[in-house]
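Numbered according to the working numbering, the sequence shown spans residues 29 to 245.
C-beta atoms are modelled at their ideal positions from N, C-alpha and C, and glycine is treated no differently.
Since this is a predicted model, take the numbers as computed values, not measurements.
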Amino acid sequence: MREYKLVVLGSGGVGKSALTVQFVQGIFVGKYDPTIEDCYRKEVEIDGVHCMLEILDTAGTEQFTAMRDLYMKNGQGFVLVYSITSQATFNDLVDIKDQIMRVKDIGSEIPLVLVGNKCDLEDERAVGKNQGDSLARSFGCTFLETSAKLEINVNEIFFDLIRQINRKTKQPKQTKQVSSQDYNHAEPQADYNYGQSSAYYDDRPTTGRIKDCCVLL
């Protein structure tokens, strides 16, 4: 079974943890609790292939930004998240993308998804969808507006990222296709092991928690 190391990045309070937990556990965490580092594992089937996803939910606060170089060095694909209710969180992503490019040092071919979260808060929108489209074009990546609360485009984030990684590494073409409808109706099983040491990075501090989930989509 192939393993994928994915990293979720963005400013504090944009919903990185809410998106990750919604994808892995199928629940919405509405209360904001600043993350230092959490690592989640989930087994899925994508295009007929069983995959183990290791998803690192990173800190958005400034005091933990020194850890980002390590995350970026080891990550294979990246989710860059902003809140559509905050222009500042949108602006922050340019520096984060530049940091990824600097650390990876592999040119522009980096699997990446740009995510405008909290699209359920349309009345509070501060960042237009056209701005997200424009930034994604400049990054050369996929753009999705999402809602962790309403489960809008949550699964699509991670499935798109895995497909980007597979294309980049020239994986054999698979025969089974998974539709957007399949994404929206997939339900994770509540099967988690807490308190295990994380194997996400061999050389990083073990400050986070690891959660396991096995799901066939």
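DSSP state of S175, grouped into three classes?
Strand, per DSSP.
Quick one: what's got a C-beta closer than 6 Å to S175's C-beta in the same chain, skipping five residues either side?
C147 and D148
Distance between F187 and N145 (C-alpha atoms, nearest Å)
17 Å
Are F171 and L189 close, meaning C-beta to C-beta below 8 Å?
no
Can V122 be considered in contact with the ligand MG, in the sense that its beta carbon sits closer than 7 Å to one or more heavy atoms?
The ligand MG is not part of the structure shown, which contains no ligands of any sort.
How do the stretch 112-126 and the stretch 67-79 stand: do at least 3 beta-carbon pairs fall below 8 Å, yes or no?
no
Alpha carbon to alpha carbon, how far is Q159 from Q53?
31 Å
What's the call for A116, buried or exposed, on a 16-neighbour Cβ count within 10 Å?
exposed
Which class does N145 belong to by DSSP, given the choice of helix, strand or coil?
strand
Identify, in the order they occur along the chain, each residue of the same chain with its Cβ nearer than 6 Å to the Cβ of I83, setting aside the five sequence neighbours on each side.
Excluding residues within five positions, the ones whose Cβ falls inside 6 Å are L34, T48 and Y68.
Selected residue, minimal CA-CA separation from I112, among L98, T86 and E152
E152
Less than 8 Å between the CB atoms is what I'm expecting for K132 and M100, so what's the real figure, rounded?
6 Å
Can you give me the Cβ contacts of D97 inside the same chain, cut-off strictly under 8 Å, excluding the 5 residues immediately before and after it?
Q127 and V131
Nearest-angstrom Cβ-Cβ length linking V109 and G43, presumed shorter than 8 Å:
The pair is a contact, with the Cβ atoms about 7 Å apart (cut-off 8 Å).
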